[in-house]
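Notes for the one structure printed next.
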Amino acid sequence: MTELDLTILLAGVVAGAAPIVLAALGETITEKAGLINLSLDGSILLSAMAAFAIAFETNSVLAGFIGGAIVGALMAFVVAVFSIYLDQNQVAVGFVLTLMGRDLAYFLGNPYSRMQGPQVTPLSVPQLDKIPFIGDVFFHHNLPVYLSLLLIVLCWWYIYHTSYGLELRSVGEHPRASFARGINPQKLQLLYAVCGGLLVGLAGATFSLATKPGWGRPQGAEGTGWIALALVIFGGWNPIKAAIGAYLFSFLQVMGIYFQGWLPSVPAQVFQVAPFPLMIFTLLIMYVAQKESVVTWAEGKAHVKALLNMFSGLAPTALGKPYRPD
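In terms of numbering that gives the first Met the number 0, the sequence shown has 249 at position 250, counting the first letter as 1, and numbering is strictly consecutive.
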């Protein structure tokens, strides 16, 4: 029977959640600006393939990450241009791109399938890695993991505590009011869509160069884009809550590995699929928690209201409705 070591479990959760955190943060930024990028799943796969192929050919992990980020940014750029400037349905464009990105990734990446290539090496943080328990959980990882942790705080601070973040939220909530104040909503939405796509591209690169090194079919990142989209909703369009959702999902995945050892008679596929319906169940709880009747019932019940607030969060008013100049 597989023994449960809490330190190893939590360290695995932190490491495994890194690409999901990056993707969820990228989509949070994009949706805060009022756009929906449904190309995430295909973008992550294509970025993962591109990152591994570039790193393999150049023998440079850094070049791989840059290439993956550029691929993610280009995918988001296409969604944004078609939606903002060509007046096309962004949901339809994103869905087509995710299918195209997936097929392109498997087709173009076939020559690199199952090949040994460069990968990110662990890098402990001096002094901090010696802190009992915390050091083992958080400070014995690689740079993409540290970057994902840092970006959670930076994104939250940028969105809610800077003037630029106020402009970002304004174009997602009231683009016409933003325009009246001298802000160009279209350019700003395009900018943040590309920035969000860049983080999604880094998520793909993290998969193939760090989390699950290598490229093949299946690669292991399939479905991550859809989970990231769900986590943005789960987090109420708040980067910290979305990141918490990413760690929850990673925890469910890691526990699935332990359950395979504890319950060998149960098919392994059950544990591989289990995190997905559990996340759907969590989203259902969130939906119920936001119903007006439930909110009214919770009035006067401090503990219940605090619990409901954890699942609260409204979508940006103009989400999915790009600004159209008169």
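All C-beta atoms in this analysis are idealised placements derived from N, C-alpha and C, irrespective of residue type, glycine included.
Taking buried to mean at least 16 other C-beta atoms within 10 Å of its own C-beta, is residue i buried or exposed?
i	result
methionine 0	Its pLDDT being 44, under 50, methionine 0 is placed unreliably by the model, and the measurement read from it follows with that caveat. With fewer than 16 other Cβ atoms within 10 Å, it is exposed.
arginine 113	exposed
serine 327	Lying outside 0 to 325, the shown extent of the chain, residue 327 is not represented and no answer is given.
isoleucine 28	buried
aspartate 4	exposed
asparagine 58	exposed
glutamate 291	exposed
glutamine 126	exposed
histidine 140	buried
valine 152	exposed
leucine 198	buried
isoleucine 226	buried
phenylalanine 280	exposed
arginine 323	exposed
valine 77	buried
proline 184	buried
proline 315	buried
glutamate 56	exposed
glutamine 115	exposed
valine 287	exposed
leucine 44	buried
tryptophan 155	buried
isoleucine 284	exposed
lysine 300	exposed
asparagine 237	buried
isoleucine 7	exposed
tryptophan 214	buried
Since I believe residue j is in contact with residue i (beta carbons under 8 Å), could you give me their beta-carbon distance rounded to a whole number of angstroms?
i	j	result
glycine 41	glycine 200	Incorrect: roughly 12 Å between the Cβ atoms, too far for contact.
tyrosine 105	arginine 216	5 Å
leucine 318	isoleucine 35	7 Å
glycine 195	alanine 75	6 Å
valine 119	phenylalanine 138	Their Cβ separation, rounded to whole angstroms, is 15 Å, which puts valine 119 and phenylalanine 138 out of contact at 8 Å.
glycine 93	leucine 37	3 Å
alanine 50	glycine 25	Their Cβ separation, rounded to whole angstroms, is 15 Å, which puts alanine 50 and glycine 25 out of contact at 8 Å.
Verify the contact flag: residue i, CB atom, against every heavy atom of the ligand ADP, threshold strictly below 8 Å.
i	result
threonine 97	The ligand ADP is absent from the structure shown, which contains no ligands of any kind.
| query | Are the segment 8 to 18 and the segment 140 to 153 in contact at 8 Å, needing three or more beta carbon pairs? | reply | When Cβ pairs closer than 8 Å are counted between the two stretches, the segment 8 to 18 is seen to touch the segment 140 to 153, the count reaching three or more.
| Is it a yes or a no for the segment 53 to 73 touching the segment 168 to 185, going by three-plus beta-carbon pairs under 8 Å? | No, the segment 53 to 73 is not in contact with the segment 168 to 185.
| So does the segment 219 to 227 actually touch the segment 126 to 133, counting three or more Cβ pairs closer than 8 Å? | As far as the Cβ criterion goes, the segment 219 to 227 does not touch the segment 126 to 133, which means the pair count is below three.
| request: Jot down the residue ranges of each uninterrupted alpha helix (DSSP H) in the segment 200 to 248, minimum 4 residues, whole runs only, in chain order. | output: 223 to 233, all fully within the segment 200 to 248.
| said: So, does the segment 184 to 200 touch the segment 231 to 239, judging by three or more C-beta pairs under 8 Å? | reply: No, the segment 184 to 200 does not touch the segment 231 to 239.
| query | Going along the chain, which unbroken runs of the beta strand (DSSP E) with 3 or more residues stay wholly within the segment 127 to 162? | reply | The segment 127 to 162 is shown to contain no whole beta strand (DSSP E) run of 3 or more residues.
| What residue ranges within the segment 48 to 106 form continuous alpha helix (DSSP H) runs of no fewer than 4 residues, ordered along the chain? | You should have 60 to 83.
| task | Jot down the residue ranges of each uninterrupted alpha helix (DSSP H) in the segment 163 to 192, minimum 4 residues, whole runs only, in chain order. | result | Counting whole runs of 4 or more residues, the segment 163 to 192 contains the alpha helix (DSSP H) stretches 174 to 179.
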